[in-house]
Amino acid sequence: MSAEKTMKLNLKIWRQKNADSNGSIEDFQLDGVSTDMSFLEMLDVLNEQLISAGREPIAFDHDCREGVCGCCGAVVNGQVHGPDEETTLCQLHMRRFHDGDTIQIEPWRSRAFPVIKDLIVDRTAFERIQQAGGFVSVSTGSAPDANTISIPTRDAEKAFDFAECIGCGGCVAACPNGAAMLFTAAKVAQLVTLPQGKLERSSRVLTMVERMDAEGFGDCTNHYECSAACPKGVPIEAIAVMNREYLRATFLSPEGA
Ligand code: FES
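This is the structure in structure tokens:
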């Protein structure tokens, strides 16, 4: 049985009308926050109070609230997705905080992720990187066909590790350079680890890296903050795989074997 308690919190939340306006931190006091609430439920309660008072609610992204869709995310007291390791913001619970705590909540900060409103940033740059090559265009058949291709367990497990990426953008927010290497590398490494993804390996890595650079993300200088902050624990090894693939593709003609 859970020992539910309630807390009073001081919230400092980034407010910004739109991409063109200057934002600032606004202070809120919230009473009666249950330790059993998720972080997003705590924001829901605040928003209900703001709406009742005729004020503009805090805009924040969310969808599944189960840690699978990658929609949610904010920097909580300077930490991407908050203080819990390998945990999305929607899976963070208020029992992690204490009565009287001050919590600062800010959006992802990156040149390539402009703020749309309050805590919502534009992450369509990720979609454009994915569209540049993060797919397999040969016919791979149906699920039973896939099961007839024997793949060493080690490769299948490794591909799953890379496929854990939910595209939340936390890696970019955590990186001092605002690099998107872990996101891009997770897609490249996942696909090249499987036989279905090997056919387009050269063109894929070249076009995805080109798109990543064009979107204004920074360069990787091996801080490893991306992997440490990743709510899905995507391994840093993905970046090594992508760098190797990129070198290989540069020295071979596209689609070279
Ligand atoms: S809302 Fe889907 S991962 Fe958090």
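The working numbering puts the first residue of the sequence shown at 1416, with every later residue one more than the last. Cβ coordinates follow ideal geometry from the N, Cα and C atoms, glycine included.
Can you pull the DSSP bridge partners for residue i?
{"i": "Met1422", "result": "Val1448"}
{"i": "Asp1514", "result": "Answer is none; Asp1514 lacks a bridge partner."}
{"i": "Lys1532", "result": "Ile1535"}
{"i": "Ala1594", "result": "Gly1633"}
{"i": "Glu1481", "result": "According to DSSP, which records beta bridges pairwise, Glu1481 is partnered with nothing at all."}
Heavy atom of ligand 1 less than 7 Å from the Cβ of residue i, yes or no?
{"i": "Ile1473", "result": "no"}
{"i": "Leu1465", "result": "no"}
{"i": "Thr1503", "result": "yes"}
{"i": "Glu1581", "result": "According to the sequence as given, residue 1581 is Ile; it is not Glu. Because some heavy atom of ligand 1 lies under 7 Å away, the Cβ of Ile1581 counts as near it: yes."}
{"i": "His1508", "result": "no"}
{"i": "Gly1485", "result": "yes"}
{"i": "Asp1478", "result": "yes"}
For residue i, name the three-state secondary structure that DSSP assigns.
{"i": "Val1607", "result": "helix"}
{"i": "Asp1442", "result": "strand"}
{"i": "Lys1647", "result": "coil"}
{"i": "Lys1432", "result": "coil"}
{"i": "Ala1672", "result": "The pLDDT assigned to Ala1672 is 45, lower than 50, so where the model puts this residue is not dependable; a value taken from the coordinates is nonetheless given after this. The answer is coil: DSSP assigns Ala1672 none of H, G, I, E or B."}
{"i": "Ser1554", "result": "coil"}
Run the CB neighbour count on residue i, radius 10 Å, all protein chains shown included, and call it buried at 16 or more, exposed below.
{"i": "Thr1503", "result": "buried"}
{"i": "Gly1556", "result": "exposed"}
{"i": "Ala1571", "result": "exposed"}
{"i": "Ser1436", "result": "exposed"}
{"i": "Ala1672", "result": "With a pLDDT of 45 at Ala1672, under the threshold of 50, the modelled position of this residue cannot be trusted; read the value that follows with caution. Looking at its Cβ environment, which holds fewer than 16 other Cβ atoms inside 10 Å, Ala1672 is exposed."}
{"i": "Pro1646", "result": "buried"}
Could you check which residue in the options has the C-alpha nearest to that of residue i?
{"i": "Ile1531", "options": "Ala1474, Met1623, Asp1451 and Cys1590", "result": "Ala1474"}
{"i": "Ala1655", "options": "Tyr1639, Pro1646 and Phe1666", "result": "Tyr1639"}
{"i": "Cys1486", "options": "Thr1563, Gln1506, Ala1653 and Pro1472", "result": "Gln1506"}
{"i": "Ser1449", "options": "Cys1641, Ile1518, Arg1510 and Val1620", "result": "Arg1510"}
{"i": "Val1649", "options": "Tyr1661, Ala1561, Ile1581 and Pro1559", "result": "Ile1581"}
{"i": "Asn1433", "options": "Gly1549, Leu1534, Phe1443 and Gln1605", "result": "Leu1534"}
Check whether the Cβ of residue i sits closer than 7 Å to any heavy atom of ligand 2, and report yes or no.
{"i": "Glu1481", "result": "Ligands in the displayed structure: ligand 1; ligand 2 is not one of them."}
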